[in-house]
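Inspection log for the structure reproduced underneath, given as structure tokens.
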Amino acid sequence: HISLFKNDEPLKLHYKKNLTFFNPKDFYLEPGKNEKDFFKQKIDKINIFIKIENNIIIKLWHDSKSDSDLKMLINLFFEIILNKNIQEAADHGIIYLEDKLRLKNTKNSINGIILPMQAGLYFNKLNDSIRNVFKDYKMKKKIEFDINKNYFDISEDWKNLELNKKMKKINE
Numbered sequence: 390h391i392s393l394f395k396n397d398e399p400l401k402l403h404y405k406k407n408l409t410f411f412n413p414k415d416f417y418l419e420p421g422k423n424e425k426d427f428f429k430q431k432i433d434k435i436n437i438f439i440k441i442e443n444n445i446i447i448k449l450w451h452d453s454k455s456d457s458d459l460k461m462l463i464n465l466f467f468e469i470i471l472n473k474n475i476q477e478a479a480d481h482g483i484i485y486l487e488d489k490l491r492l493k494n495t496k497n498s499i500n501g502i503i504l505p506m507q508a509g510l511y512f513n514k515l516n517d518s519i520r521n522v523f524k525d526y527k528m529k530k531k532i533e534f535d536i537n538k539n540y541f542d543i544s545e546d547w548k549n550l551e552l553n554k555k556m557k558k559i560n561e
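Residue numbers (the numbering used here): 390 to 561.
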């Protein structure tokens with residue numbers, strides 16, 4: 390039996406609390422700068438801008454001067470996806486953001502696999518935005534992407550760990 394839990398709050402409470410542990414770079418840029426060839430999306434009242442060259446996100450900015458949970462989330466998300474392949478950002482960026490904000494010492498009230506939609510509406514909106522940018526980028530460049538193969542290298546520490554210790558870490 391599969392059931393999906395969707396949160397209608399902008400940001401679930403423990404994610405909101407965990408935002409206070411971060412101090413990301415502010416990607417605000419004064420509107421009207423002479424940037425060209427970028428993709429634009431709007432999330433609530435905040436415009437976000439993404440510049441991509443050779444499939445890599447090379448510059449990100451938004452137009453929000455006001456401090457808010459959404460602005461903080463956008464700034465954290467931008468730190469994660471900057472210099473990433475647009476496909477990787479669209480496929481996994483929101484998952485990385487949710488994982489970062491969840492914090493390992495926070496007991497989660499959701500059993501099973503945690504999807505970004507469970508963290509709040511802002512996660513959905515960010516996810517929709519980056520996926521729309523990816524779709525627009527593919528159409529504009531008239532390219533198709535193969536299966537996403539941006540795999541992380543396995544650390545030497547992990548390779549040298551005994552199987553029972555690996556299993557313990559996985560199940561933590």
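Glycine is no exception: its CB is placed at the ideal position from the N, C-alpha and C atoms.
- Following the DSSP letters along the chain, one finds Leu490 in no beta strand (DSSP E) but inside the alpha helix (DSSP H) bounded by residues 475-491.
- Non-local C-beta neighbours of Ile447 in its own chain, meaning closer than 6 Å and more than five positions away in sequence, comprise Lys440, ordered along the chain.
- A Cβ-Cβ separation of about 7 Å places Leu408 in contact with Leu490 under the 8 Å criterion.
- Under DSSP, Tyr417 shares a beta bridge with His451.
- Judged by their CB atoms, His451 and Phe427 are not nearer to each other than the 8 Å cut-off.
- The DSSP-derived three-state label of Ile437 is strand.
- Residue nearest to Glu487 within the set Glu419, Gln476, Leu510 is Leu510 (criterion: CA-CA distance).
- Contact between Ala508 and Leu400 holds, with the beta-carbon distance rounding to 7 Å and staying under 8 Å.
- Of Asn521, Asp535, Ile543, the smallest CA-CA separation from Ile432 is found for Asn521.
- Nearest C-alpha to Phe523 among Lys414, Glu442, Leu552, Asn412: Glu442.
- Its chain contains Ile446 as the residues whose beta carbon lies nearer than 6 Å to that of Lys473, once the 5 sequence neighbours on both sides are disregarded; these appear in chain order.
- Under DSSP, Glu551 takes part in no beta bridge, so it has no partner.
- Only residues of its own chain outside the window of five on either side were considered, and among them Ile446, Ala478, Gly482 have a CB closer than 6 Å to the CB of Ile470, listed in chain order.
- Cβ contact annotation for Lys454 (same chain, cutoff 7 Å, sequence separation greater than five): Tyr417, in chain order.
- For the set Asp525, Leu492, Lys531, the Cα lying nearest the Cα of Phe438 is the one of Asp525.
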